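Engineer:
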Ligand SMILES: [Zn+2]
């Protein structure tokens, strides 16, 4: 099992993002091999290479336990995925990731952030009042100047989510597997609406190189998924893929 984790390369998790200058990570750099267990697990990510220094020295790391929050009357966030076209669904050994061509957009701080990919963690990475959730989706957006915004959806146990079924039907079960997505496979995603209630804080990528300066938006609404749906994701993931909770330090969590 271990060799499977080690074989998996960081570059597969954020292929689009790694090419961005803000991450200081170019394609000719050797990627650190990391995993979720043992000597290449989260505790040691910061020691696996100088590019991962933020994993151990950063003060604004993700995920966090969302506990003390401040009511800042945050404005609704508009998102528009109406033109979204999916590319493929990949099992990269760290996560199940859906890469998208283009057509997904959120507006934050007067800036456009474009959806690059979304992927899943089980159990959830972020917690709310020390409560973990069975599944967490991360919608990773980037602005034209390379800033990142992640929208997190935490799933609670309950009735099945019809939207997830389309992905489950296409789940690549083995590391390295990839399935093409048809034009209609992302139709289940809510196409446009406002995210009204959410937590907001500064954080980082939850995987090496743990780059900081990421705007985190954690939605208050929790879609549900069934035991069977969760089993399907966990079977494909092969192992828990949640980084442990990181210290809040001087950060403020707004709601
Ligand atoms: Zn993630």
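In the numbering used here, the protein residues as written are -13 to 241. Heads up, the beta-carbon is just placed ideally off N, CA and C, and yes, glycines get one too. Bear in mind that the values here come from a model prediction, so they are computed numbers and not experimental data.
CA-CA distance, residue 32 and residue 43?
Structural biologist: By 1-based counting over the chain shown, the position of residue 32 is 46. By 1-based counting over the chain shown, the position of residue 43 is 57. Whole-angstrom Cα-Cα distance: 8 Å.
Engineer: Residue 109 and residue 231 - do their beta-carbons sit closer together than 8 Å?
Structural biologist: The residue you call residue 231 lines up with position 245 of the chain shown. The residue you call residue 109 lines up with position 123 of the chain shown. Cβ atoms of residue 231 and residue 109: not closer than 8 Å.
Engineer: Select from 204, 185, 98 the residue whose C-alpha is nearest the C-alpha of residue 59.
Structural biologist: To locate residue 59, count along the chain shown from 1; it is residue 73. Considering only alpha carbons, the answer is 185.
Engineer: Looking at C-alpha atoms only, which residue of 121, 128, 75 is the closest neighbour of residue 97?
Structural biologist: Your numbering for residue 97 matches position 111 in the chain shown. That would be 128, whose Cα lies nearest to the Cα of residue 97.
Engineer: In angstroms with no decimal places, state the Cα-to-Cα distance between residue 214 and residue 55.
Structural biologist: For the purposes of this step, residue 214 is identified with residue 228 of the chain shown, where counting begins at 1. For the purposes of this step, residue 55 is identified with residue 69 of the chain shown, where counting begins at 1. Their backbone Cα atoms lie some 34 Å apart in a straight line.
Engineer: Which same chain residues end up closer than 6 Å to residue 126 when comparing Cβ atoms and leaving out the 5 residues on each side of it in sequence?
Structural biologist: Numbered from its first residue, the chain shown carries residue 126 at position 140. Excluding positions up to five away in sequence, the list reads 102, 103, 136.
Engineer: Can you grab the Cα-Cα spacing for the pair residue 47 / residue 68, in whole Å?
Structural biologist: Within the chain shown, numbered from 1, the residue matching residue 47 stands at position 61. Within the chain shown, numbered from 1, the residue matching residue 68 stands at position 82. When rounded, the distance between both Cα atoms is 32 Å.
Engineer: Would you say residue 20 and residue 209 are within 8 Å of each other, going by their C-beta atoms?
Structural biologist: What you label residue 20 is simply residue 34 of the chain shown in a count that begins at 1. What you label residue 209 is simply residue 223 of the chain shown in a count that begins at 1. No; because the gap between Cβ atoms is not below 8 Å, this pair is not in contact.
Engineer: Starting from the C-beta of residue 40, find all residues in its chain whose C-beta is less than 8 Å away, skip the five residues before and the five after it, and write them out in chain order.
Structural biologist: Working through the chain shown from its first residue, we reach residue 40 at position 54. So the list reads 32, 47, 190, 195, 196, 197, 198, once near-sequence residues are dropped.
Engineer: Residue 134 and residue 201 look like a contact to me (Cβ under 8 Å); what is the Cβ gap, rounded to whole Å?
Structural biologist: Numbered from its first residue, the chain shown carries residue 134 at position 148. Numbered from its first residue, the chain shown carries residue 201 at position 215. Correct: roughly 7 Å between the Cβ atoms.
Engineer: Can you name, in chain order, every residue of its own chain whose Cβ lies under 8 Å from the Cβ of residue 183, other than the five neighbours on each side?
Structural biologist: Working through the chain shown from its first residue, we reach residue 183 at position 197. Cβ neighbours of residue 183 beyond the five flanking positions: 205, 206, 207, 241.
Engineer: Under 7 Å Cβ to Cβ from residue 237, same chain only, skipping five residues before and after it: list those, please.
Structural biologist: As a first step, residue 237 must be located in the chain shown, where it is residue number 251. Closer than 7 Å at the Cβ level, and outside the excluded window around residue 237, lie 46, 187, 188.
Engineer: Give the straight-line distance between the Cα atoms of residue 123 and residue 81, rounded to the nearest whole angstrom.
Structural biologist: Here residue 123 corresponds to residue number 137 of the chain shown, with the count starting at 1. Here residue 81 corresponds to residue number 95 of the chain shown, with the count starting at 1. Cα-Cα distance, rounded: 10 Å.
Engineer: On the three-state DSSP scale, how would you describe residue 229?
Structural biologist: Translated into the one-based positions of the chain shown, residue 229 becomes position 243. Three-state DSSP puts residue 229 in coil, outside helix and strand.
Engineer: What is the chain-ordered set of residues for which the beta carbon lies under 6 Å from any non-hydrogen atom of ligand 1?
Structural biologist: So the residues near ligand 1 by this Cβ test are 105, 107, 124, 192.
Engineer: Can you list the alpha helix (DSSP H) stretches of 4 or more residues lying completely in the region 184 to 223, in chain order?
Structural biologist: Fully enclosed alpha helix (DSSP H) runs of 4 or longer: 213 to 223.
Engineer: What three-state label does DSSP hand residue 28 in the structure shown?
Structural biologist: Residue 28 sits at position 42 when you count from the first residue of the chain shown. Correct three-state label for residue 28: helix.
Engineer: Would you mind listing the beta strand (DSSP E) stretches within the region 125 to 174 that are 3+ residues and don't spill past its ends, in chain order?
Structural biologist: The qualifying runs are 134 to 143, 164 to 166.
Engineer: How long is the line joining the alpha carbons of residue 95 and residue 64, rounded to whole angstroms?
Structural biologist: Translated into the one-based positions of the chain shown, residue 95 becomes position 109. Translated into the one-based positions of the chain shown, residue 64 becomes position 78. Rounded to the nearest angstrom, the two C-alpha atoms are 11 Å apart.
Engineer: Tell me residue 77's beta-bridge partners as DSSP assigns them.
Structural biologist: Translated into the one-based positions of the chain shown, residue 77 becomes position 91. In the DSSP output, where bridge partners are listed per residue, residue 77 has 82.
Engineer: Decide if residue 52 is buried, meaning its Cβ has at least 16 other Cβ atoms within 10 Å, or exposed.
Structural biologist: Counting from one through the chain shown, the residue named residue 52 turns up at place 66. Label assigned to residue 52: buried.
Engineer: Just reading off the alpha helix (DSSP H) that residue 234 is part of, what are its end residues?
Structural biologist: Counting from one through the chain shown, the residue named residue 234 turns up at place 248. Element bounds for residue 234: n/a, residue is neither H nor E.
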